[in-house]
Structure formats: C-alpha cells, structure tokens
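See structure below.
Numbering (this note's numbering), first residue to last: 341 to 560.
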C-alpha cells in the first residue's frame, strides 16, 4: 500500500534523499557482491568501483536512478511501472557496459551465455530482475524512505550530506583518472608528466587488478 505522499519538497530535500540512497546503494552493493562470492565461491571478494572506500558505485547510481524514476511512476499502473523499470535498468546497464568496453577496453560483467542477450551487456533475465527491483522501489522503498527522511532531516544532516557529496565527487573523479591511466598503460602509453608518474608508481597494474578484481581487459 502506498503511504501518504510527502508534499512541498524542496530541490535540496529531493537531492538529499537521492544522495543518501546513493550512499546506501554503494555500501549495500559492496556487501551483496561480497556475500554472493562467499556463497558461490567460498571466498570474499571486494567488488568495489571506487579508489577510496568500500563503495560499489554502480549500485549507488542504480539506487538513485530507480528512486528518481519511482517518483515519476508512482501514479502509473503496475504494468507500466514494471515495463519502465525494465527499460531503465537495461539502458543504464547497457550504457555502462558499452562505455567500459569502448572507453577502456574492459568488461566488469558479461551476459553472453545468457538467453536473449544483447552484446553481453544486457539479457532477458536481468531485464526481468530490473522490473522487479523497480516495483519494490515504488511500493516499498520509496514510501518508507520518504517517511523516514521526514523524521531525521535537519540542518546537521544537510551539512553532512553536502560535505559527503563533495568527497564522493572527488573520489569518483580520482577513480576515473586512475582507471583511465590503467587502461592507457595497457595500451602502451607512456607517462608524460609527474602526476601520471606518481599514479603509475602508487596505483600500478597489480594494485588496480586487485582493487577491481572482477574487471578484465578484453582480448582482441
């Protein structure tokens, strides 16, 4: 059952709700991936997508996008909600997979063996999964989160939110720089300044392969 709608939200409040879900998604994604590897392979694997902190940024982005889309879909019928959630999940996953392959020559996942897949980026199984996730967000996560936030919001939380958002932005940009340099080293590009030399020494191929242990360069 949908709970009472929260009215008169400011842009700042919407941003804060989305950002905190982004952070929760980052950490939950890290934990979920780790426990899944423990169950499947008998060992813990840290599937992070950040240079600093235990954050799986793809889950964070996914949680944020689903939340924002859920706000637009809450008054639609459940069939429309399901189809749109399928589409959102597929588009995000396809764009991320395409970008990772064509920008860095790498893959972090591959659905090539799954039934009805497109270039290994998306598949029917995950499409349905995204639809289910969207429905759960609309009917359970979003109303709970809106009501919970109303109870905890305040000036202190706002300051923490924007400070942490700045830190996460720096972490994201630093992550992109290090991954780009990792890919460029793989292509044989030499360091051309002192900053790149420092990155090469501190965050070499061995470090990056351990940090992003599920990422693989595509063999041409």
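The beta-carbon is built from N, C-alpha and C at its ideal position, and this holds for glycine as well. Computed from a prediction, not measured in an experiment: that's the story for all the values here.
Inset, instruction - Work out the CA separation of residue 477 and residue 465 for me, nearest whole Å. - result: 19 Å
Legend entry - DSSP beta-bridge partners of residue 557: Its beta-bridge partners are 446.
Inset, instruction - List the endpoints of the continuous alpha helix (DSSP H) containing residue 501. - result: 495-526
Legend entry - residue 463, DSSP secondary structure in three states: strand
Legend entry - Secondary structure of residue 457, DSSP reduced to three states: strand
Inset, instruction - Flag this pair as yes or no: are the beta carbons of residue 400 and residue 348 separated by less than 8 Å? - result: no
Legend entry - First through last residue of the alpha helix (DSSP H) which encompasses residue 404: 397-413
Inset, instruction - With a cut-off of 8 Å on the beta carbons, I'd call residue 404 and residue 362 a contact; round off their distance for me. - result: 4 Å
Inset, instruction - Name the residue from 397, 428, 398 whose alpha carbon lies nearest to the alpha carbon of residue 412. - result: 428
Inset, instruction - Assign residue 416 to buried or exposed, taking buried as 16 or more other Cβ atoms, counted over all protein chains shown, within 10 Å of its Cβ. - result: Per the 10 Å Cβ criterion, exposed.
Inset, instruction - Indicate the three-state DSSP secondary structure (helix, strand or coil) for residue 552 in the structure shown. - result: coil
Inset, instruction - Indicate the three-state DSSP secondary structure (helix, strand or coil) for residue 358 in the structure shown. - result: Helix at residue 358.
Inset, instruction - May I have the straight-line CA-CA distance separating residue 377 from residue 467, to the nearest angstrom? - result: 22 Å
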